[in-house]
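Asker: Each residue of the sequence shown is one higher than the one before, starting from 210 at the first, in our numbering. We put the CB at the ideal spot given by N, CA and C, even for glycine. Sharing a structure with you now.
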Amino acid sequence: MFRRGGRVRPVRPSGLDAALALALQDPVANALAGARLREVGHHPAVSQEFSSIGDEKEPSGLLWHGVNVSPLSATEEALDEFGRHVAARSRRASSVVGRRRAVETLWEPLADVWGPAVREYRWSQPLLVAGEAGSLGASRLRPALPGEEGAVFPAAVAMFREEVGIDPLLGDGGRSYRTRIKELIRLGRTYVVIEDGQVLFKADVGSLFGPVAQIHGVWVRPDHRGHGLGRTAMADLVRQVRRDHAPQVSLYVNDFNEPARRAYAASGFHQVGELSTILF
210 MFRRGGRVRP
220 VRPSGLDAAL
230 ALALQDPVAN
240 ALAGARLREV
250 GHHPAVSQEF
260 SSIGDEKEPS
270 GLLWHGVNVS
280 PLSATEEALD
290 EFGRHVAARS
300 RRASSVVGRR
310 RAVETLWEPL
320 ADVWGPAVRE
330 YRWSQPLLVA
340 GEAGSLGASR
350 LRPALPGEEG
360 AVFPAAVAMF
370 REEVGIDPLL
380 GDGGRSYRTR
390 IKELIRLGRT
400 YVVIEDGQVL
410 FKADVGSLFG
420 PVAQIHGVWV
430 RPDHRGHGLG
440 RTAMADLVRQ
450 VRRDHAPQVS
460 LYVNDFNEPA
470 RRAYAASGFH
480 QVGELSTILF
């Protein structure tokens, strides 16, 4: 029987500033969870999705336990406590994600409880940050415009099926996924190369946290792969995202995706860490 972590407490609006300050110590690794923390911080939902360990004004670790389980800037002791705390509760998350060492530590008490439900382990996901890339030519990349959802949606669905391995149309017929795509376009966070009404390349600013814009959902239409479009578009993407959203541009990639890793390297990205994702 796992004991409940007595020192684990919900993050409340009164502790939001301290929680954000801790998460911002590592904004590149914490971009996804940190963006969610900022989004719900002044809403009662923050207490349902985020927990901390230690003094409210000086926590030693944070844990997002919403659609994902993700440790943020947690000490080894905090990770051990979070693991026991989460293992005593039913799983509602679709993944565990974070810096590799943190995920490995958190997973130890969870493996026997949640392990049978695991769909895929992605232990090595290089975490990349963009530097400066030389000119790679024009890609015709631009922000997607409101009204272009009909062109972007099939590309986004293809990307999701290929990258995540499940169909985003299941369940509600894709309504929630379509709403997410429409919102990203409205916010100017989806970038595309479109030719004859067809999306050839797309990428989203999936998370914004502090100085960091984290790129999600990169996709090149299969019949345009291997011809340099991904490299030129990614180089353009970095310049445009810095102009429109944040000075630091990051992403993470599966270690086995060699074509993508080569394209990212050619467009100026370099590795600064390693994440892991466990998918259910």
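(1) Under a Cβ-count criterion, where at least 16 other Cβ atoms within 10 Å of its own Cβ denotes burial, should ASP445 be classed as buried or exposed?
(2) In terms of alpha-carbon separation, which member of LEU233, VAL220 and ARG245 lies closest to LYS266?
(3) Any idea if LEU417 is buried or exposed, counting beta-carbon neighbours within 10 angstroms, 16 or more meaning buried?
(4) Using the rule of at least 16 other Cβ atoms within 10 Å of the residue's Cβ for burial, across every protein chain shown, is ASP413 buried or exposed?
(5) Quick one, are the C-beta atoms of TRP273 and ALA242 less than 8 Å apart?
(6) How would you write the range of the beta strand (DSSP E) that PRO363 sits in, first residue to last?
(7) Helix or strand or just coil, what does DSSP make of ALA444?
(8) Considering only residues of the same chain and omitting the five flanking positions on each side of VAL462, which have a CB-CB separation below 7 Å?
(9) Classify GLY485 as buried or exposed, calling it buried when 16 or more other Cβ atoms lie within 10 Å of its own Cβ.
(10) Would you check if the stretch 311-327 and the stretch 273-285 touch, i.e. whether three or more CB-CB distances between them fall below 8 Å?
(11) For SER299, count neighbouring Cβ atoms within 10 angstroms of its own Cβ and tell me buried if that reaches 16, exposed if not.
(12) DSSP beta-bridge partners for GLY482?
(13) From what residue to what residue does the beta strand (DSSP E) around LYS266 run?
(14) Shortest alpha-carbon distance to GLN423 belongs to which of VAL447, GLN257 and SER476?
(15) Mind checking whether GLN457 and VAL421 have CB atoms under 8 Å apart?
(16) Can you give me the start and stop residues for the alpha helix (DSSP H) that GLU341 sits inside?
(17) According to DSSP, is SER561 part of a helix, a strand, or is it coil?
(18) For ARG434, I'd like the list of residues in its chain whose CB is within less than 8 Å of its CB, leaving aside the five on either flank, ordered along the chain.
(19) Between ALA232 and GLY419, what straight-line distance do the alpha-carbon atoms span, to the nearest angstrom?
Answerer: Answer, in terms of the structure:
(1) As a working note, residue 445 is residue 236 in the sequence shown. ASP445 is buried by the Cβ-count criterion.
(2) Walking along the sequence shown from the start, residue 266 turns up at place 57. When each option's Cα is compared against that of LYS266, the closest is VAL220.
(3) As a working note, residue 417 is residue 208 in the sequence shown. When all chains shown are included, LEU417 counts as buried.
(4) Position 204 of the sequence shown, counted from the first residue, corresponds to residue 413. Per the 10 Å Cβ criterion, buried.
(5) On the sequence shown, position 64 is the one that residue 273 refers to. On the sequence shown, position 33 is the one that residue 242 refers to. Closer than 8 Å, so yes.
(6) Here residue 363 is taken as the residue at index 154 of the sequence shown, counted from 1. Premise fails: PRO363 lies in the alpha helix (DSSP H), 358-373, not in any beta strand (DSSP E).
(7) On the sequence shown, residue 444 is found 235 positions in, with the first residue counted as 1. ALA444 falls in the helix class under three-state DSSP.
(8) One-based indexing of the sequence shown puts residue 462 at position 253. Closer than 7 Å at the Cβ level, and outside the excluded window around VAL462, lie GLN334, PRO335, LEU337, ALA469, ARG470 and TYR473.
(9) Residue mapping note: residue 485 aligns to position 276 of the sequence shown, counting from 1. For the sequence presented, residue 485 should be read as Ser rather than Gly. It counts as buried.
(10) yes
(11) Here the question's residue 299 lines up with position 90 in the sequence shown. Exposed, by the Cβ-count rule.
(12) In the sequence shown, counting from the first residue as 1, residue 482 sits at position 273. DSSP lists LEU336 as partners of GLY482.
(13) For the purposes of this step, residue 266 is taken as the residue at position 57 of the sequence shown. Neither: LYS266 is in no beta strand (DSSP E) and is coded neither H nor E.
(14) Within the sequence shown, the letter at position 214 stands for residue 423. The option with the nearest alpha carbon to GLN423 is VAL447.
(15) Residue 457 sits at position 248 when you count from the first residue of the sequence shown. Residue 421 sits at position 212 when you count from the first residue of the sequence shown. Their beta carbons are under 8 Å apart, which means GLN457 touches VAL421 by this criterion.
(16) Here residue 341 corresponds to residue number 132 of the sequence shown, with the count starting at 1. Run containing GLU341: none; DSSP gives neither H nor E here.
(17) Nothing can be reported for residue 561, as the shown portion of the chain is limited to 210 through 489.
(18) As a working note, residue 434 is residue 225 in the sequence shown. Hits under 8 Å: PRO468.
(19) Position 23 of the sequence shown holds residue 232. Position 210 of the sequence shown holds residue 419. Rounded to whole angstroms, ALA232 to GLY419 spans 10 Å at the Cα level.
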